[in-house]
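Numbering (full-length UniProt numbering), first residue to last: 1 to 300.
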């Protein structure tokens, strides 16, 4: 027991030393191994604090609270930066950002606006940030999404941005926007492979998608992810799962009505399935065991 406490204390001091040197907390999705391990330690401690706080020392609890407070503050600051950028754009251009834009900054604002609509739609009223809603209302923000037919260029830019952010191509999920992009990608493959002859892609369109590294196959496994991106995405998913169980004091449900929660439920079941089939690495099993992961619905 003493050795375990000493090891935890060593990690605690290493986390503080990292912050003092880099002016930020270690990230669990970092490509640097040492930083990633510190970030994973923070994630595990956060989970333990909310489920079995007696297993942590008072100093460890204080450290996690400090990290969470900093995280909340930075999240608010990032939101305000994006809000001010949107406000300045509307005042200067006398219009809202267009999905037909070619400028990266405008495309970024388009996706930020979309995320605000999705957040409001999927967040319970009791947890909505009313201050953010009021600020957006004050500049005449349009909360209803525009589902009009998109041009080829509009869809291409959205898929391009999605791939740049996630390292993968859109998939058919419960998220309506991602599914809409995935459907467009499926059509592009069908048009090029001539399994659908209703539309013929121009050489220029094929070249643009090919230059992007577009996956022209129908295989969901061949999604052009690098090992680094695959690991980064898994760690982020792991982190989101820990945050959900910590904040809600329960595991995600299959039919909650919230696409993000239902997606986490699918991820939970997927991890259990991969372990049963012997396809989950020992490192990932260890990380999940460290947070008391329940390997299947039977353990709820």
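Built from N, CA and C at the ideal position, the CB exists for glycine as well.
Residue i versus residue j - alpha carbon distance
{"i": "residue 181", "j": "residue 13", "result": "45 Å"}
{"i": "residue 268", "j": "residue 136", "result": "35 Å"}
{"i": "residue 85", "j": "residue 109", "result": "8 Å"}
{"i": "residue 282", "j": "residue 288", "result": "10 Å"}
{"i": "residue 166", "j": "residue 153", "result": "20 Å"}
{"i": "residue 209", "j": "residue 140", "result": "35 Å"}
{"i": "residue 243", "j": "residue 266", "result": "16 Å"}
{"i": "residue 232", "j": "residue 31", "result": "8 Å"}
{"i": "residue 196", "j": "residue 189", "result": "9 Å"}
{"i": "residue 92", "j": "residue 103", "result": "15 Å"}
{"i": "residue 68", "j": "residue 18", "result": "16 Å"}
{"i": "residue 290", "j": "residue 22", "result": "27 Å"}
{"i": "residue 221", "j": "residue 171", "result": "With a pLDDT of 43 at residue 221, under the threshold of 50, the modelled position of this residue cannot be trusted; read the value that follows with caution. Approximately 11 Å between the Cα atoms of the pair."}
{"i": "residue 87", "j": "residue 94", "result": "10 Å"}
{"i": "residue 185", "j": "residue 213", "result": "13 Å"}
{"i": "residue 169", "j": "residue 215", "result": "8 Å"}
{"i": "residue 164", "j": "residue 241", "result": "23 Å"}
Cβ-based burial, residue i [other Cβ within 10 Å; buried from 16]
{"i": "residue 162", "result": "buried"}
{"i": "residue 33", "result": "exposed"}
Local conformation of residue i per DSSP, three classes
{"i": "residue 204", "result": "helix"}
{"i": "residue 237", "result": "helix"}
{"i": "residue 165", "result": "helix"}
{"i": "residue 31", "result": "coil"}
{"i": "residue 172", "result": "coil"}
{"i": "residue 284", "result": "helix"}
{"i": "residue 150", "result": "coil"}
{"i": "residue 291", "result": "coil"}
{"i": "residue 251", "result": "coil"}
{"i": "residue 129", "result": "coil"}
Distance CB(residue i)-CB(residue j) smaller than 8 Å
{"i": "residue 286", "j": "residue 28", "result": "no"}
{"i": "residue 70", "j": "residue 41", "result": "no"}
{"i": "residue 261", "j": "residue 253", "result": "yes"}
Checklist entry - Just checking, does the region 69 to 84 make contact with the region 42 to 61 on the three C-beta pairs under 8 Å criterion? => result no
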